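Residue numbers (our numbering), protein chains in the order written: chain W, 97 to 706; chain Y, 10 to 189.
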């Protein structure tokens, strides 16, 4: 039976999935035993689209219609990609959708595709190979910011997946490693992939994986080794890489990658370019020592990130008990050697560094769907979050390496009489000025009751959930009125656009979308009604009268709406039920905590368990 | 649910001295019940409660685990002066810091500041910060030993404030030192 829920590692160069079987993570493989799906897509004149190995084979023959390394584009603006563009043979453009929002597009044969849609094509292929499950946990580099996480989740939705959680790659890897043994100790994860680098420090104790700190660079990976080789060759050939010559560029890349891999096992390898159409014939022997010299600055950079992660964790190298290597680029002997020297111990390499992240994601998917409760992941937010204050300065509200979910509340007021809205600009990053941080967009508060200037007290709560993603809510304190918060992201797709793409995707076109939504909502409502009734039976007596009445009314409304067929009506009713039952849910949670802790205390004094 | 303190959230006594292993034990035990990972299949309200309560739990843990944040928080709960109300530091401490600041500037100006010298200075600052944590602990202990209406209590809180200001000052020096 195919799995209903999977973990997906959506990589820069490769993607793959894993699922749980008999309590163990199993990687999805094709008939030939291959797990890795190249993150490459090719578009053809007849309208067909290929994903994975067949697309990769087209890279050389048809570079302008082949897209790779889409992950580097996720959640980015064109300006941020300045360094990448000379290395990319396909065309990337940017469109201003609204005055403040830009959306990237890859232009191929007259058609335009957003990075989210392209990633969705890869996810769909991975999903298809796993037997079309509907639920997934998708991994991202720990150092991905809110925008990049958002783009990844949108890609999952467009691929027809219910994205249960976005989790961090190094954390997933630690989870996969810690599964068999009941390890206790401090672990450093060094994760060097195709395009991104992460270092996370975790403490593991009794099944709780707590991330102490994370650091990284979303623009550092094996791709950089290839590019350094390409630069060496083009310099010798006297070619400027800025010349837009897709065919040459693709051959340069292909050879660089081949030579890099060959040098992992040999001391020298030949870089060969034969392009008769361009009157180009080139052959050069590259030694391992030469390549290592090219890689040195990149590896130095990664180790500097490790040093910063250690400092944030307030640990010294000696206090690290284990080091885990993750990502295809850690197969390079030079990388292994440098990591070993840095940490002063031999890193773990028992699990396949290219498969371990997907395995961890499968375990997390299992936890989320109720499969196992002895494991718990406590992750952190990688970058500080702040708001713009006067003069373009950033006032930090949530600091990096804070355990998620976390929140911060800030009070705002109005500057003119009867002002009903306030704009808040939100930034992510460590620097002091907005121009040096990444904008997450503008949050518009509206619906503030009119009153004299400075009178309104609007408490704005910034909540980062377990996905590392931000939601903002606001309440005016004097009136107790909820203010409306609208997000205007600076880049990427809007909710409506994602919704439309989900609708357009082949799979859903056949279904009546409204009917499907109603059924989903009804199922959800049934669960909520059942939970509420159960909760009322056990803790209802502790509720104040008015809260009890509100719940009863919302229950009746929801039951009635479930009988009809109106999606919006049911949505309204269930929203009200959710709001009404919040105090009850808190009572229930507290009751659970009380009982468990009491049980534990009983166990402690019970001589039979001693 | 009104005015649950971080101490309430973690099931700990409201006082400065805490057993750090107990803080962690209580934190993990509550995380195991409340965390959103275990409530993914629950009703919307339960998911939201789980999210909110875990965020509160994480905040309580982050605050009480750290000796300086815990002091700042408890000082606030006890109605002690805020950093903007009382900015002063002990004069002897200030003198000591002026000397240290000169040393740091010399280290950095030389340009050739060796990594060892910088690390040594960092260690020195961290050690000084740790000794301030002990001063804070003593001031709180003295405060807590006094009867609730003793006028000397507020003196102890002012002392805590001064030491917290000192800790902030050292934090600033550390930041300057680490900035490349």
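Even for Gly, the Cβ is constructed at its ideal location relative to N, Cα and C.
On a predicted model such as this, the values are computed, not experimentally measured, just so you know.
Minimum C-alpha distance to residue i - residue among the options
| i | options | result |
| --- | --- | --- |
| residue 485 of chain W | W:499, W:522, W:113 and W:454 | W:522 |
| residue 351 of chain W | W:588, W:156, W:663 and W:642 | W:156 |
| residue 65 of chain Y | W:293, W:624 and W:560 | W:560 |
| residue 188 of chain Y | W:527, W:424, W:440 and W:347 | W:527 |
| residue 445 of chain W | W:536, W:675, W:591 and W:418 | W:418 |
| residue 250 of chain W | W:326, W:221, W:215 and W:188 | W:215 |
| residue 347 of chain W | W:404, W:366, W:365 and W:326 | W:326 |
| residue 671 of chain W | W:647, W:389 and W:406 | W:647 |
| residue 587 of chain W | W:184, W:191 and W:234 | W:191 |
| residue 95 of chain Y | Y:180, Y:175, Y:34 and Y:12 | Y:175 |
| residue 56 of chain Y | W:678, W:690 and W:222 | W:678 |
| residue 385 of chain W | W:406, W:548 and W:362 | W:362 |
Check whether residue i and residue j have beta carbons under 8 Å apart
| i | j | result |
| --- | --- | --- |
| residue 165 of chain Y | residue 148 of chain Y | yes |
| residue 717 of chain W | residue 472 of chain W | Residue 717 of chain W lies beyond the stretch modelled for chain W, which goes from 97 to 706, so this question has no answer here. |
| residue 218 of chain W | residue 245 of chain W | no |
| residue 443 of chain W | residue 436 of chain W | yes |
| residue 585 of chain W | residue 197 of chain W | yes |
| residue 269 of chain W | residue 103 of chain W | no |
| residue 611 of chain W | residue 654 of chain W | no |
| residue 100 of chain W | residue 290 of chain W | no |
| residue 313 of chain W | residue 293 of chain W | yes |
| residue 496 of chain W | residue 479 of chain W | yes |
| residue 169 of chain W | residue 188 of chain W | yes |
Residue i in three-state terms, based on DSSP
| i | result |
| --- | --- |
| residue 330 of chain W | helix |
| residue 255 of chain W | coil |
| residue 533 of chain W | coil |
| residue 115 of chain W | strand |
| residue 174 of chain W | coil |
| residue 638 of chain W | helix |
| residue 174 of chain Y | helix |
| residue 705 of chain W | A caution first: residue 705 of chain W carries a pLDDT of 36, below 50, which makes its placement in the model unreliable, though a value can still be read off. In this structure, residue 705 of chain W counts as helix in the three-state DSSP scheme. |
| residue 507 of chain W | strand |
| residue 187 of chain Y | helix |
| residue 584 of chain W | strand |
| residue 110 of chain W | strand |
| residue 631 of chain W | helix |
| residue 108 of chain Y | helix |
| residue 320 of chain W | helix |
Within chain W, partners of residue i - CB distance below 7 Å
| i | result |
| --- | --- |
| residue 41 of chain Y | 472 |
Residue i classed as buried or exposed, judged by whether at least 16 other C-beta atoms fall within 10 angstroms
| i | result |
| --- | --- |
| residue 69 of chain Y | buried |
| residue 359 of chain W | buried |
| residue 134 of chain W | buried |
| residue 673 of chain W | buried |
| residue 111 of chain Y | exposed |
| residue 138 of chain W | buried |
| residue 510 of chain W | buried |
| residue 265 of chain W | buried |
| residue 118 of chain W | exposed |
| residue 391 of chain W | buried |
| residue 300 of chain W | buried |
| residue 694 of chain W | exposed |
| residue 706 of chain W | Unreliable positioning characterises residue 706 of chain W in this predicted model, as indicated by a pLDDT of 34, which lies under 50. The coordinate reading is nonetheless provided below. Answer is exposed; the Cβ neighbour count stays below 16. |
| residue 578 of chain W | exposed |
Cross-chain neighbours of residue i in chain Y, by beta carbon under 7 Å
| i | result |
| --- | --- |
| residue 466 of chain W | 50 |
| residue 688 of chain W | 42 |
| residue 469 of chain W | 47 |
| residue 485 of chain W | In chain order: nothing, as chain Y lies at least about 17 Å away. |
| residue 381 of chain W | Ordered by position in chain Y, no residue passes the 7 Å Cβ test against residue 381 of chain W, which lies about 38 Å from the chain. |
| residue 455 of chain W | Here the premise fails: no neighbours, minimum Cβ distance about 17 Å. |
| residue 623 of chain W | 52 |
| residue 260 of chain W | 49 |
Proximal chain W residues relative to residue i, where beta-carbon distance stays under 8 Å
| i | result |
| --- | --- |
| residue 45 of chain Y | 501, 561 and 562 |
Proximal residues of chain Y, C-beta to C-beta of residue i below 9 Å
| i | result |
| --- | --- |
| residue 498 of chain W | 67, 68 and 71 |
| residue 420 of chain W | Correct list: empty, because the minimum Cβ distance to chain Y is about 22 Å. |
| residue 627 of chain W | 51, 52, 54 and 55 |
| residue 693 of chain W | 20, 35, 38, 39 and 42 |
Interface residues of chain Y facing residue i [CB-CB closer than 8 Å]
| i | result |
| --- | --- |
| residue 140 of chain W | Per Cβ cutoff of 8 Å: no residues; residue 140 of chain W is ~40 Å from chain Y at best. |
| residue 674 of chain W | 52, 53, 54 and 57 |
| residue 670 of chain W | 53 |
Please name the residues in the region 303-332 of chain W whose beta-carbon is closer than 7 Å to at least one beta-carbon of chain B, in chain order. Given the protein chain composition of this structure (W and Y), no chain B is represented.
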